[in-house]
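K.L.:
If you're matching positions, the sequence shown starts at 166 in the numbering used here and goes up one per residue.
Just so it is clear, CB atoms sit at the ideal spot from N, CA and C, and this is done for glycine as well.
If you scroll down you'll find the structure; I have some questions about it.
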Amino acid sequence: MQIIEINTEFIKIDQLIKYAGIVGNGSDVKLMILDGLIRVNGELCTQRNKKIRDGDLVEIEDYDTLQVKGIGKPCLSKN
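Here it is, written out as structure tokens:
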């Protein structure tokens, strides 16, 4: 699990996945969403502009899970 820190109220899912270095551009994220490879907090993500907030878990099939953490807030991971 990767912990991604943000200093804003939210980050859009395509920006998050690019920021994490998983893809190079937003069109790759769009294809991942269309292929059903991304879940947010256990639910299939169907929106490219989905807002991801502190504490959200983004699971990318066959890759990794990203936990979003607002700066100055404790990590919610149960590992």
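Within a Cβ cutoff of 7 Å, which residues of the same chain sit near N244, ignoring the five residues on either side of it in sequence?
P.N.:
As a working note, residue 244 is residue 79 in the sequence shown. Confidence at N244 is low in this model, with a pLDDT of 44, below 50, so the placement of that residue should be treated as unreliable; the coordinate-derived value is given next. Here the set comprises M166.
K.L.:
Taking the Cβ atom as the reference point for each residue, do V233 and I171 lie within a distance shorter than 9 Å?
P.N.:
On the sequence shown, position 68 is the one that residue 233 refers to. On the sequence shown, position 6 is the one that residue 171 refers to. In this structure, I171 lies closer than 9 Å to V233 by Cβ.
K.L.:
Cα separation between L181 and I198?
P.N.:
Locating residue 181 in the sequence shown gives position 16, counting from the first residue. Locating residue 198 in the sequence shown gives position 33, counting from the first residue. Their Cα atoms are separated by approximately 13 Å.
K.L.:
So, for L202: in the same chain, excluding its five sequence neighbours on each side, which residues have a beta-carbon less than 7 Å away from its beta-carbon?
P.N.:
For the purposes of this step, residue 202 is taken as residue 37 along the sequence shown, with counting starting at 1. Correct list, in chain order: I225 and E226.
K.L.:
Out of D219, G220, L196 and L222, which has the shortest C-alpha to C-alpha gap to Q212?
P.N.:
Counted from its first residue, the sequence shown places residue 212 at position 47. The candidate whose alpha carbon is nearest that of Q212 is L196.
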